[in-house]
Amino acid sequence: MGAVDDVKAKVEAKEFDAKDLPIFLAALEEIAQSNEDLIDELEDTEDVTIQFKVPGVVEAYLEIKDGKLTAKEGAIDEPDVTLEMTEEVGKNLFTGETDAASAYMAGDLRIIGEMAKAMKLRSLIEIAGEEFGFEI
1122 MGAVDDVKAK VEAKEFDAKD LPIFLAALEE IAQSNEDLID ELEDTEDVTI QFKVPGVVEA
1182 YLEIKDGKLT AKEGAIDEPD VTLEMTEEVG KNLFTGETDA ASAYMAGDLR IIGEMAKAMK
1242 LRSLIEIAGE EFGFEI
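Read left to right, the sequence shown gives residues 1122 to 1257 (our numbering).
Here it is in structure tokens:
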């Protein structure tokens, strides 16, 4: 079973948690290799590194370079953008249960770095949501 199937199973069973963020990003990487819409979107995206932090729970990052997306668990040196979130937001943001804008306004999601680069992530995740079968 690939990462996409792992994410689908966890969401359907209501077991997706903030610690599963690396699995979600790995699934995004899988989708980026075969989904034409996502491939096109990535080709139009400037190079960027985005760090995800759920303090005390998990760190992971994704890198878009030369139109290719890679994801890893852990920290990356000098990310362009860091998204730091509470455990609850980390659990719900990537399953569509929490809206990023609302979480940001409530102070539950901090964006460190260029906001425009963080916003680009939204379109990528929306495309991935179609593959997962739920709206993000």
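Ideal Cβ placement from N, Cα and C applies to all residues, glycine included.
Source: prediction; values computed, not measured.
Residue i (DSSP reduced to helix, strand or coil)
i     : result
G1177 : coil
G1234 : strand
K1135 : coil
G1254 : coil
D1229 : coil
Beta-carbon contacts of residue i that lie in its chain and below 7 angstroms, excluding the five residues immediately before and after
i     : result
A1147 : A1124 and A1192
T1170 : Y1182, E1184, I1197, P1200 and D1201
T1203 : Q1172, K1174, I1233 and G1234
V1178 : A1139, K1140, E1208 and G1211
Proximal residues to residue i (C-beta, below 8 angstroms), its chain only, five neighbours per side dropped
i     : result
G1254 : K1129
R1243 : A1221
Contact belief for residue i with residue j at Cβ below 8 angstroms, rounded distance in angstroms
i     : j     : result
I1152 : L1159 : 6 angstroms
Beta-carbon contacts of residue i that lie in its chain and below 6 angstroms, excluding the five residues immediately before and after
i     : result
E1205 : K1174 and R1231
### Query
Can you list the beta strand (DSSP E) stretches of 3 or more residues lying completely in the region 1148-1221, in chain order?
Here the runs fully enclosed are 1169-1175, 1179-1186, 1189-1194 and 1202-1206.
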